[in-house]
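I have placed the structure first, in the form of C-alpha coordinates, so that the comments after it can refer back to it.
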Amino acid sequence: MSEPCQAEACSLQTCLNKNTYKPEKCNERLRALYQCCQGMYDNNSDATSTACPMASVVKRWMKDHPDGKKDK
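In the working numbering, the protein residues as written are 226 to 297.
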(Lines of atoms letter the chains of each structure in order from A and count residues from 1; the text may use other names and numbers.)
(Lines give C-alpha, C1' and ligand atoms only; values in the text may rest on other atoms or scores of the structure.)
Protein backbone atom coordinates (compact mmCIF):
# COMPACT_ATOMS: atom_id res chain seq x y z
CA MET A 1 0.00 0.00 0.00
CA SER A 2 1.32 3.45 -0.84
CA GLU A 3 1.72 6.22 1.68
CA PRO A 4 -1.38 8.38 2.19
CA CYS A 5 -1.16 11.75 0.41
CA GLN A 6 2.02 10.77 -1.43
CA ALA A 7 0.59 11.82 -4.81
CA GLU A 8 -0.26 15.27 -3.45
CA ALA A 9 3.21 15.63 -1.93
CA CYS A 10 4.87 14.64 -5.20
CA SER A 11 2.71 17.08 -7.15
CA LEU A 12 3.70 19.86 -4.76
CA GLN A 13 7.39 18.96 -5.02
CA THR A 14 7.23 18.94 -8.82
CA CYS A 15 5.57 22.35 -8.80
CA LEU A 16 8.13 23.77 -6.39
CA ASN A 17 10.97 22.43 -8.54
CA LYS A 18 9.47 24.13 -11.60
CA ASN A 19 8.78 27.40 -9.77
CA THR A 20 11.94 27.84 -7.73
CA TYR A 21 11.60 31.59 -7.49
CA LYS A 22 7.80 31.74 -7.34
CA PRO A 23 6.65 29.14 -4.79
CA GLU A 24 3.33 31.01 -4.43
CA LYS A 25 2.41 29.43 -7.79
CA CYS A 26 2.12 26.12 -5.91
CA ASN A 27 -0.40 27.21 -3.28
CA GLU A 28 -3.20 25.09 -4.76
CA ARG A 29 -1.02 22.01 -4.54
CA LEU A 30 -0.01 22.88 -0.98
CA ARG A 31 -3.68 23.23 -0.03
CA ALA A 32 -4.45 19.87 -1.69
CA LEU A 33 -1.73 18.20 0.37
CA TYR A 34 -2.93 19.70 3.64
CA GLN A 35 -6.54 18.80 2.85
CA CYS A 36 -5.48 15.23 2.14
CA CYS A 37 -3.52 15.10 5.40
CA GLN A 38 -6.41 16.58 7.34
CA GLY A 39 -8.73 13.93 5.90
CA MET A 40 -6.27 11.22 6.88
CA TYR A 41 -6.06 12.51 10.46
CA ASP A 42 -9.86 12.98 10.63
CA ASN A 43 -10.32 9.33 9.67
CA ASN A 44 -7.67 8.07 12.09
CA SER A 45 -6.00 10.39 14.59
CA ASP A 46 -3.13 7.90 14.95
CA ALA A 47 -2.46 7.72 11.21
CA THR A 48 0.96 8.62 9.87
CA SER A 49 2.41 9.41 6.47
CA THR A 50 5.84 10.59 5.46
CA ALA A 51 4.02 13.00 3.11
CA CYS A 52 2.20 14.80 5.94
CA PRO A 53 3.33 17.09 8.71
CA MET A 54 2.19 16.35 12.26
CA ALA A 55 -1.56 16.62 12.84
CA SER A 56 -1.14 19.79 14.94
CA VAL A 57 0.73 21.50 12.08
CA VAL A 58 -1.97 20.54 9.59
CA LYS A 59 -4.70 21.74 11.93
CA ARG A 60 -2.98 25.10 12.48
CA TRP A 61 -2.30 25.61 8.76
CA MET A 62 -5.92 24.84 7.85
CA LYS A 63 -7.11 27.25 10.56
CA ASP A 64 -4.79 29.98 9.23
CA HIS A 65 -5.92 29.35 5.61
CA PRO A 66 -9.65 28.62 5.96
CA ASP A 67 -10.93 29.53 2.52
CA GLY A 68 -7.91 29.61 0.29
CA LYS A 69 -7.98 33.37 -0.22
CA LYS A 70 -4.73 33.88 1.69
CA ASP A 71 -3.14 31.23 -0.53
CA LYS A 72 -3.47 33.17 -3.75
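Backbone N, C-alpha and C define an ideal beta-carbon position, used for all residues, glycine too.
- Taking C-beta atoms as the reference points, residue 280 and residue 266 count as a pair closer than 8 Å.
- In the three-state DSSP reduction, residue 292 falls in the coil class, being neither helix nor strand.
- Residue 265: member of the alpha helix (DSSP H) spanning 252-268, first to last residue.
- The Cβ-Cβ distance between residue 230 and residue 262 falls below 8 Å.
- Around residue 241, the same chain offers 248 and 251 as residues with beta carbons nearer than 7 Å, after the five sequence neighbours per side are excluded.
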